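These notes concern the structure reproduced below.
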Amino acid sequence: MSPWCSSPVHRILQHDNVENLTPIQVLRELSCGAAQLKLYLIVDLIELVHCSPNQILDCPDVGYYLYNTQVVLDRCGTLVARYRKKHLFLEAGITAGDESDATAVFTTDFGVTFTLQVH
């Protein structure tokens, strides 16, 4: 067992056809990799969030929002931070994030606090 993790990684998923991975499978693969290698992993993703134009006034006609998102996985593979980019530059079709900046801050097990934001 890793000195940083409360429980060991249960399994590493194996895939023959990576083009058919679902978003949750991709995150699981990244999580398992971070835990197996015992390192912090910061990943840029395009996050798709479904919405209903009938229920949400600003929902796009296509029925989903796209966000330019960064996620941080710790040495155990745990998601410790997520940041949806707020200040977009030439990113057509991407929705600006509106969450608290606190979601972008994380402290490592070696005592350093980081943020995913660029000011």
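Just so you know, we're using the UniProt record's numbering here: the sequence shown kicks off at 1 and counts up by one. Beta carbons: idealized from backbone N, C-alpha and C, even for Gly. Predicted model, so just to flag it, every value in this text is computed and none were measured.
For residue i, count neighbouring Cβ atoms within 10 angstroms of its own Cβ and tell me buried if that reaches 16, exposed if not.
i    : result
L37  : exposed
G111 : exposed
V49  : exposed
A35  : buried
Going by DSSP, what residue range makes up the beta strand (DSSP E) through residue i?
i    : result
Q70  : 64-73
I42  : 41-50
V105 : 105-107
T113 : 113-115
Looking only at its own chain, which residues have a Cβ that is under 7 Å from the Cβ of residue i, when we skip the five neighbours before and after it?
i    : result
L13  : Confidence is the limiting factor: at L13 the pLDDT is only 39, short of 50, which leaves the residue's position unreliable and the question unanswerable from this model.
N104 : It should be noted that the sequence gives Ala, not Asn, for residue 104. Excluding positions up to five away in sequence, the list reads A81, Y83, T115, L116, Q117.
Among the residues of its own chain, which have a CB less than 6 Å from the CB of residue i, if the five just before and after it don't count?
i    : result
E47  : Y67, T69
I94  : L66, N68, L88
T113 : T107
H10  : Any answer about H10 is weak, because its pLDDT of 36 lies below 50 and its placement is not dependable; what the coordinates show is given next. So the list is empty, once near-sequence residues are dropped.
Once you ignore the five residues that flank residue i on each side, which residues in its own chain have a CB closer than 8 Å to its CB?
i   : result
P53 : C59, P60, D61, G63
Under DSSP, the alpha helix (DSSP H) around residue i begins and ends at which residues?
i   : result
A35 : 23-37
Would you list the residues sitting across from residue i in a DSSP beta bridge?
i   : result
L88 : Looking at the DSSP assignment, L88 forms no beta bridge with any residue, so it has no partner.
A81 : V72
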